[in-house]
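Colleague: Chains as they are written, first to last, in my numbering: chain A, 1 to 150; chain B, 1 to 302.
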């Protein structure tokens with residue numbers, strides 16, 4: 001599985017999702033997900049201003065992180081964000097939930113065979129870090145994400 | 001069967017007309033109207049429930065939906081619409097824009113040309129937005145969006161609220177509109193219903209901004225592999241729809257921009273290497289699409 005070159009995510013973020021405080025390396029996480037070939041379609045990194053539009057964020061809700069999307073041939077996506085604070089992170093989580101719900105509605109009529117990916121999408125928030133992963137190999141993806149965030 | 005019987009009746013009426021004309025009567029237009037109306041009613045009955053609902057709500061305005069859109073001689077312009085002007089080479093006088101032809105190649109515009117533009121479309125336009133779309137433009141897109149769901153399905157988020165594409169358009173300020181719809185409608189039994197709805201979208205745009213420049217974008221081709229699958233998603237069907245869209249552009253006096261030619265290979269098909277599924281475009285093809293739009297614009301008179 002090919003992918004576009006990653007931007008360097010300098011985010012080594014503190015996370016309190018597990019029993020102990022842990023750093024989350026978003027760059028390493030995305031690297032591992034792509035190497036594990038959890039996605040069926042080739043994903044491409046999207047510029048943050050376009051990612052904001054695609055995810056339903058307002059212009060003020062700046063995206064810090066990386067967003068990978070396909071060509072719409074599948075529902076697959078990988079969103080890795082960090083918010084400036086916990087409150088903003090919670091807001092972003094709600095927006096991503098809405099985005100996921102909208103995707104489910106749209107793909108249910110358009111490509112029903114993609115429904116299982118959306119039903120098994122991984123959306124998690126760890127402190128100020130947010131991860132949304134819609135993938136064919138969702139079980140493997142979940143294991144990888146948990147290994148980085150828990 | 002119903003359509004066949006009605007068409008047979010139309011033929012009979014036509015024969016009667018011809019006979020009447022020989023006899024010096026002039027009832028042909030009346031007979032034709034009966035035939036068209038009857039076929040439209042049949043069309044309504046055979047469309048999906050989802051589509052029938054809206055058609056039923058606007059039966060009067062759709063009474064001519066079953067007949068093919070006709071090219072009309074330019075009539076008086078709607079108030080406020082600016083007409084682009086080219087010079088007639090014979091006498092130097094301004095010549096009216098020829099809406100029956102695709103927009104010709106022009107000097108390239110910059111990205112900011114699209115700052116007051118709205119792109120309306122389905123998943124293909126969503127891909128365009130992600131990988132090539134000018135950042136200052138507005139995008140009203142949804143996976144699976146169609147000309148009928150444009151008015152009915154709350155696919156678009158505006159200020160945190162789900163609304164239809166039509167409602168989203170009302171909430172947007174714009175001077176240019178680029179539409180690309182049709183891929184998801186290729187399986188419709190009656191392309192005339194697709195065109196009727198497409199026309200309603202143009203009407204809705206004009207209602208919001210009568211001076212907006214409206215561009216119909218041709219439907220992009222699929223790959224040879226997709227074409228050979230034997231589904232409705234084939235290039236022959238796409239070509240038929242594009243022919244109808246060009247006629248619609250002429251009828252409505254809006255611009256037809258043939259972006260399909262920008263992404264097609266020499267064989268007229270989408271190159272295999274440019275798509276994952278034979279339908280949706282990889283980023284380089286989206287860039288080709290944008291380049292084509294930037295070099296096919298119409299400068300309007302002030």
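Each residue gets a CB set at the ideal place from its N, CA and C atoms; glycine is no exception. Just so you know, these numbers come straight off a predicted model, no measurement behind them.
Looking at C-beta atoms only, is the number of pairs between the region 112-125 of chain B and the region 255-272 of chain B that lie closer than 8 Å three or more?
Modeller: No, because fewer than three Cβ pairs between the region 112-125 of chain B and the region 255-272 of chain B fall closer than 8 Å, the two stretches do not touch.
Colleague: To be precise: take each residue of the region 69-81 of chain A, compare its Cβ to all Cβ atoms of chain B, and keep it if any distance is under 9 Å. Which residues remain?
Modeller: For the region 69-81 of chain A, which is checked against every Cβ of chain B, the residues closer than 9 Å are 69, 70, 71, 72, 73, 74, 75.
Colleague: Does any residue of chain B bring its CB to less than 7 Å from the CB of residue 110 (chain A)?
Modeller: Start at 1 with the first residue of the first chain, and residue 110 (chain A) comes out as number 110. By this cut-off, residue 110 (chain A) is an interface position.
Colleague: Measure the beta-carbon distance from residue 76 (chain A) to residue 43 (chain A) and round it to whole angstroms, keeping in mind my assumption that it falls under 8 Å.
Modeller: The residue given as residue 76 (chain A) occupies position 76 in the first chain. The residue given as residue 43 (chain A) occupies position 43 in the first chain. Between residue 43 (chain A) and residue 76 (chain A) the Cβ distance is about 6 Å, and since that is below 8 Å, they are a contact.
Colleague: Near residue 100 (chain A), which residues of its chain fall below 8 Å by C-beta distance, leaving aside the five closest residues on each side in sequence?
Modeller: The count along the first chain starts at 1 and reaches residue 100 (chain A) at position 100. Closer than 8 Å at the Cβ level, and outside the excluded window around residue 100 (chain A), lie 118, 121, 123, 132, 134.
Colleague: Is there a Cβ of chain B sitting closer than 7 Å to that of residue 130 (chain A), yes or no?
Modeller: As a working note, residue 130 (chain A) is residue 130 in the first chain. It does not; no Cβ of chain B falls within 7 Å.
Colleague: Under 8 Å Cβ-Cβ, which residues of chain B neighbour residue 53 (chain A)?
Modeller: Within the first chain, numbered from 1, the residue matching residue 53 (chain A) stands at position 53. The contacting residues are 129, 139.
Colleague: By the three-class DSSP mapping on this structure, what secondary structure does residue 96 (chain B) have?
Modeller: Indexing the second chain from 1 puts residue 96 (chain B) at position 96. Three-state DSSP puts residue 96 (chain B) in a strand.
Colleague: Name the chain B residues whose beta carbon is nearer than 9 Å to that of residue 138 (chain A)?
Modeller: The count along the first chain starts at 1 and reaches residue 138 (chain A) at position 138. Within chain B, no residue comes near residue 138 (chain A); the closest Cβ sits about 19 Å away, beyond 9 Å.
Colleague: Determine whether the Cβ of residue 41 (chain A) lies closer than 7 Å to any Cβ atom of chain B.
Modeller: Against the first chain, residue 41 (chain A) aligns to sequence position 41. Yes, contact with chain B.
Colleague: Only counting runs of 4 or more residues, tell me where the alpha helix (DSSP H) segments fall wholly within the region 64-119 of chain A, in order along the chain.
Modeller: Within the region 64-119 of chain A, the complete alpha helix (DSSP H) runs of at least 4 residues are 86-110, 115-119.
Colleague: Answer yes or no: do residue 137 (chain B) and residue 294 (chain B) have a C-beta to C-beta separation smaller than 7 Å?
Modeller: Residue mapping note: residue 137 (chain B) aligns to position 137 of the second chain, counting from 1. Residue mapping note: residue 294 (chain B) aligns to position 294 of the second chain, counting from 1. No, the pair does not count as a contact, with Cβ atoms beyond the cut-off.
Colleague: Can the beta-carbon of residue 356 (chain B) be found closer than 7 Å to that of residue 255 (chain B)?
Modeller: A query on residue 356 (chain B) cannot be resolved here, the shown segment of chain B reaching from 1 to 302 and no further.
Colleague: Interface residues of chain B around residue 56 (chain A) at Cβ under 9 Å?
Modeller: Sequence index remark: in the first chain, residue 56 (chain A) carries index 56 (1-based). 157, 160, listed in chain order.
Colleague: Check residue 275 (chain B) in the structure and name its three-state DSSP category.
Modeller: Taking the second chain and counting its residues from 1, one reaches residue 275 (chain B) at position 275. Correct three-state label for residue 275 (chain B): strand.
Colleague: Please list, in chain order, the residues of the region 94-106 of chain A that have any C-beta partner in chain B closer than 8 Å.
Modeller: Within the region 94-106 of chain A, the qualifying residues are 98, 102, 103, 105, 106.
Colleague: Check the Cβ of residue 276 (chain B) against every Cβ in chain A and list those closer than 8 Å, keeping chain order.
Modeller: Within the second chain, the letter at position 276 stands for residue 276 (chain B). Simply 41, 42, 70, 71, 73, 74.
Colleague: Note the first and the last residue of the continuous beta strand (DSSP E) segment covering residue 164 (chain B).
Modeller: As a working mapping, residue 164 (chain B) is identified with position 164 in the second chain. Residue 164 (chain B) -> no beta strand (DSSP E), and no H or E assigned at all.
Colleague: Can you list, in chain order, the residues of its chain with a C-beta nearer than 7 Å to that of residue 97 (chain A)? Leave out the 5 residues immediately preceding and following it.
Modeller: On the first chain, position 97 is the one that residue 97 (chain A) refers to. So the qualifying residues of the chain are 123.
Colleague: When you compare each of A:31, A:142, A:39, A:63 to residue 276 (chain B) by their alpha carbons, which one comes out closest?
Modeller: For the purposes of this step, residue 276 (chain B) is identified with residue 276 of the second chain, where counting begins at 1. That would be A:39, whose Cα lies nearest to the Cα of residue 276 (chain B).
Colleague: Within the 7 Å Cβ cut-off, does residue 49 (chain A) reach chain B?
Modeller: One-based indexing of the first chain puts residue 49 (chain A) at position 49. For residue 49 (chain A), the answer is yes, since a Cβ of chain B falls inside 7 Å of its Cβ.
Colleague: Here's a check: name, in chain order, each residue in its chain whose Cβ is nearer than 7 Å to the Cβ of residue 108 (chain A), leaving out the five neighbours to either side.
Modeller: Residue numbering aside, residue 108 (chain A) sits at position 108 when the first chain is read from its first letter. Correct list, in chain order: 115.
Colleague: Along chain A, which residues have their Cβ under 8 Å away from the Cβ of residue 126 (chain B)?
Modeller: If you number the second chain from 1, residue 126 (chain B) lands on position 126. Those within 8 Å of residue 126 (chain B) in chain A are 54, 72.
Colleague: How long is the line joining the alpha carbons of residue 330 (chain B) and residue 249 (chain B), rounded to whole angstroms?
Modeller: Residue 330 (chain B) lies beyond the range of chain B shown here (1 to 302); nothing can be said about it.
Colleague: I need the straight-line Cα distance from residue 154 (chain B) to residue 92 (chain B), nearest angstrom please.
Modeller: Along the second chain, one-based indexing puts residue 154 (chain B) at 154. Along the second chain, one-based indexing puts residue 92 (chain B) at 92. Taking the straight line joining both Cα atoms gives about 50 Å.
Colleague: Hey, quick one: how far does the alpha helix (DSSP H) through residue 151 (chain B) stretch, first residue to last?
Modeller: Residue numbering aside, residue 151 (chain B) sits at position 151 when the second chain is read from its first letter. Run containing residue 151 (chain B): 149-152, per the alpha helix (DSSP H) assignment.
Colleague: Scan the region 276-291 of chain B for residues whose Cβ lies nearer than 8 Å to a Cβ of chain A and list them as they occur along the chain.
Modeller: Cβ contacts with chain A: 276, 277, 279, 280, 281, 282, 283.
Colleague: Assuming the contact rule is C-beta atoms closer than 8 Å, residue 182 (chain B) and residue 252 (chain B) should be a hit. Round their C-beta distance to whole Å, please.
Modeller: In the second chain, the residue the question calls residue 182 (chain B) occupies position 182. In the second chain, the residue the question calls residue 252 (chain B) occupies position 252. Their Cβ separation, rounded to whole angstroms, is 15 Å, which puts residue 182 (chain B) and residue 252 (chain B) out of contact at 8 Å.
Colleague: Since residue 151 (chain A) sits in a beta bridge, which residues does DSSP pair it with?
Modeller: Because residue 151 (chain A) is not part of the residues shown, which for chain A are 1 to 150, the question remains open.
Colleague: Does any CB atom of chain A fall closer than 7 Å to the CB of residue 123 (chain B)?
Modeller: In the second chain, the residue the question calls residue 123 (chain B) occupies position 123. Judged by the 7 Å Cβ criterion, residue 123 (chain B) is in contact with chain A.
Colleague: Please say whether residue 214 (chain B) and residue 245 (chain B) have beta carbons closer to each other than 7 Å?
Modeller: Here residue 245 (chain B) is taken as the residue at index 245 of the second chain, counted from 1. Here residue 214 (chain B) is taken as the residue at index 214 of the second chain, counted from 1. No, the pair does not count as a contact, with Cβ atoms beyond the cut-off.
Colleague: Less than 7 Å separating the beta-carbons of residue 146 (chain B) and residue 139 (chain B)?
Modeller: Residue 146 (chain B) sits at position 146 when you count from the first residue of the second chain. Residue 139 (chain B) sits at position 139 when you count from the first residue of the second chain. Cβ distance not < 7 Å, so residue 146 (chain B) and residue 139 (chain B) don't count as in contact.
Colleague: For residue 216 (chain B), report the span of its beta strand (DSSP E) as first-last.
Modeller: Numbered from its first residue, the second chain carries residue 216 (chain B) at position 216. Segment 213-217, the beta strand (DSSP E) holding residue 216 (chain B).
Colleague: First and last residue of the alpha helix (DSSP H) that includes residue 128 (chain B)?
Modeller: Here residue 128 (chain B) refers to the residue found at position 128 of the second chain. Start and end: 123-131.
Colleague: DSSP three-state call for residue 198 (chain B): helix, strand or coil?
Modeller: Here the question's residue 198 (chain B) lines up with position 198 in the second chain. Reduced to three states, the DSSP call for residue 198 (chain B) is helix.
Colleague: Just tell me which of A:24, A:51, A:61 has its CA closest to the CA of residue 78 (chain A).
Modeller: Position 78 of the first chain, counted from the start, is the residue given in the question as residue 78 (chain A). The shortest Cα separation from residue 78 (chain A) among A:24, A:51, A:61 belongs to A:51.
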